[in-house]
Amino acid sequence: MRWALLLVGLLVWGCGSDDANGAGGSGAASGGGGTSGSGGTSGSGGASGSGGTSGSGGVAGSGGTSTIAHGEQLSLSDVGPAGLGVTELEKTAVNDERISTWPTDGLPSWIPDAPYVYDDNPQNHGGVVPAGGMDIDGFQIPGGSWVVQFRDFGSDSIIVSGNNDGTSPDLPGVVFRGCRWRGAITAPGFLNVYANSNTKIWILYSDAGGLGASDADYNEIPFKLSDSTTDSVYYRNYISYTTTAIQPGSLGPQIIENYIEKITYYYDGQPPPGESTGKHLNGVSLNGGQTNALILRNKILLQNPDDAGRTVDQTDCIYFKQEPGTFPGTGKNVDGSMGYAVKDNYIGGGAYSVYAGWDSSEGAPAPGSVKNMVLSGNRITTQWWPKGGALGAIAKEPPWGTDGNEKTENTFAESGQPW
Numbered sequence: 070m071r072w073a074l075l076l077v078g079l080l081v082w083g084c085g086s087d088d089a090n091g092a093g094g095s096g097a098a099s100g101g102g103g104t105s106g107s108g109g110t111s112g113s114g115g116a117s118g119s120g121g122t123s124g125s126g127g128v129a130g131s132g133g134t135s136t137i138a139h140g141e142q143l144s145l146s147d148v149g150p151a152g153l154g155v156t157e158l159e160k161t162a163v164n165d166e167r168i169s170t171w172p173t174d175g176l177p178s179w180i181p182d183a184p185y186v187y188d189d190n191p192q193n194h195g196g197v198v199p200a201g202g203m204d205i206d207g208f209q210i211p212g213g214s215w216v217v218q219f220r221d222f223g224s225d226s227i228i229v230s231g232n233n234d235g236t237s238p239d240l241p242g243v244v245f246r247g248c249r250w251r252g253a254i255t256a257p258g259f260l261n262v263y264a265n266s267n268t269k270i271w272i273l274y275s276d277a278g279g280l281g282a283s284d285a286d287y288n289e290i291p292f293k294l295s296d297s298t299t300d301s302v303y304y305r306n307y308i309s310y311t312t313t314a315i316q317p318g319s320l321g322p323q324i325i326e327n328y329i330e331k332i333t334y335y336y337d338g339q340p341p342p343g344e345s346t347g348k349h350l351n352g353v354s355l356n357g358g359q360t361n362a363l364i365l366r367n368k369i370l371l372q373n374p375d376d377a378g379r380t381v382d383q384t385d386c387i388y389f390k391q392e393p394g395t396f397p398g399t400g401k402n403v404d405g406s407m408g409y410a411v412k413d414n415y416i417g418g419g420a421y422s423v424y425a426g427w428d429s430s431e432g433a434p435a436p437g438s439v440k441n442m443v444l445s446g447n448r449i450t451t452q453w454w455p456k457g458g459a460l461g462a463i464a465k466e467p468p469w470g471t472d473g474n475e476k477t478e479n480t481f482a483e484s485g486q487p488w
């Protein structure tokens with residue numbers, strides 16, 4: 070049965086399309102809602118304000134949650150498993166099982182060997198997407214993809230090797246929906262994606278990070294993908310207590326409506342045990358080589374001080390830096406735009422809140438090394454620093470008005486003045 074489902078999905082792989090990301094969203098089945106108990110993200114907060122989406126390429130909310138127009142509207146009730154009405158997840162040990170189509174691996178025991186049914190019932194732990202694909206939270210997921218749902222993996226890391234550099238059957242993708250990872254971990258984080266996995270990862274309505282701000286809880290990064298053959302989507306996740314939240318190494322990541330806060334300066338800038346350098350602090354970090362990206366309607370906050378009282382005056386909320394790859398802007402996003410759309414985010418803190426890519430660890434950036442960088446509608450809060458960040462709002466700006474680079478309607482949240 071297990072391999073029959075996989076083969077059916079593989080036969081119809083060509084039938085599935087890329088993520089829909091329509092402005093209208095999808096409207097998931099209401100589902101059962103979570104029972105009481107441990108789980109969901111901390112804090113409270115009502116549903117965020119309504120309103121149509123702005124910016125391009127984003128989904129407009131689903132699974133019974135509200136639609137938002139700007140990252141400033143995101144509340145804790147909109148993200149993570151709580152955004153789907155689920156508070157209790159099933160604690161699950163990975164047991165060295167991996168996401169792989171190698172014959173001796175097969176479907177992990179924590180993915181049901183059955184067609185996936187799209188709902189928010191906390192007892193529904195996933196399955197295999199049926200032939201023809203399906204819409205999940207506004208994203209078109211191809212047939213044969215594996216869905217992992219409402220699992221609490223603790224601090225366990227999961228290996229993803231996909232088709233193992235083409236030596237096993239293709240795996241169209243894997244969806245982690247309403248899952249949790251919490252605990253101490255170092256790079257690459259909770260998903261260890263091997264080189265040449267040739268798949269795609271969706272992380273939707275999940276909760277990740279450390280357990281607190283003490284050095285004993287040191288969490289370097291929840292999600293760092295270095296495989297250039299595996300693309301990734303991050304939607305409506307809650308991430309906290311870490312040094313860097315999301316670092317996609319993929320070619321065209323989508324980072325949409327995530328709530329990232331409590332970025333933590335573990336060890337107060339000193340190297341953690343077993344490491345040689347202190348940590349830089351980042352919300353979302355792109356280090357070059359991506360041909361396009363969507364960073365839309367997120368809330369990313371580097372509070373000062375952190376929850377342990379350490380001064381947080383570095384580094385950024387959104388980070389584009391050529392380390393060493395450039396930002397050619399030649400890729401097409403799912404909405405048809407080219408390059409990098411950074412729109413309608415609510416951010417604040419760091420040394421600068423935004424690094425815009427005109428920077429290289431290899432020396433002075435070459436002319437044309439940043440193209441189609443579009444910053445629009447982003448708001449920076451001054452609640453910690455008068456300039457948004459300790460040193461300012463934005464650094465390493467490319468030549469605006471050339472090579473498709475645009476910077477428009479970006480303001481400070483409190484004053485409405487442009488930055």
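When the count follows the working numbering, it moves up by one through the sequence shown with no breaks and lands on 488 for the last residue. For each residue, glycine too, the CB sits at the ideal point set by N, CA and C.
Does residue i pass the burial test, meaning 16 or more other C-beta atoms within 10 Å, or should it be called exposed?
i: K476; result: buried
i: K412; result: buried
i: A162; result: exposed
i: G398; result: buried
i: A138; result: buried
i: E478; result: exposed
i: N474; result: buried
i: N164; result: exposed
i: K465; result: buried
Ordered along the chain, which non-local residues of its own chain (more than five positions away) have a Cβ less than 6 Å from that of residue i?
i: W454; result: none
i: N327; result: Y303, N306 and N367
i: K508; result: A question about residue 508 goes unanswered here, because the residues of the chain that appear run from 70 up to 488.
i: D337; result: R379
i: P342; result: none
Compare the beta carbon distance of residue i and residue j with 9 Å and say whether it is the shorter of the two.
i: Y421; j: I369; result: no
i: I332; j: D375; result: yes
i: I205; j: V197; result: no
i: S309; j: G279; result: yes
i: S237; j: P172; result: yes
i: G417; j: Q383; result: no
i: W250; j: S230; result: no
i: V262; j: S214; result: no
i: L371; j: G419; result: yes
i: I210; j: G223; result: no
i: M407; j: N441; result: yes
For residue i, report the span of its beta strand (DSSP E) as first-last.
i: C386; result: D385 to Q391
i: N261; result: L260 to V262
i: V244; result: V243 to R246
i: L143; result: Segment: none, L143 is in no beta strand (DSSP E) and carries neither H nor E.
i: N351; result: N351 to L355
i: M442; result: M442 to S445
i: P317; result: T313 to P317
i: G231; result: I227 to G231
i: I137; result: Premise fails: I137 is in no beta strand (DSSP E) and is neither H nor E.
i: W271; result: K269 to L273
i: L371; result: K368 to L371
i: D204; result: M203 to I205
Write down the C-beta distance between residue i and residue j rounded to the nearest angstrom, noting that I regard them as a contact closer than 8 Å.
i: V423; j: I463; result: 4 Å
i: I270; j: T311; result: In fact, because the Cβ distance is near 18 Å, the residues do not count as touching under 8 Å.
i: E157; j: P191; result: 6 Å
i: W488; j: G458; result: Between G458 and W488 the Cβ distance is about 10 Å, and since that is not below 8 Å, they are no contact.
If you drop the 5 nearest sequence neighbours on each side, which residues of the same chain put their C-beta closer than 7 Å to that of residue i?
i: L143; result: S117, I137, E326, Y328 and K368
If you drop the 5 nearest sequence neighbours on each side, which residues of the same chain put their C-beta closer than 8 Å to that of residue i?
i: P393; result: G357, S429, S430 and E431
Any beta-carbon of chain C closer than 9 Å to the one on residue i?
i: D204; result: No chain C is present in this structure, which holds just one protein chain.
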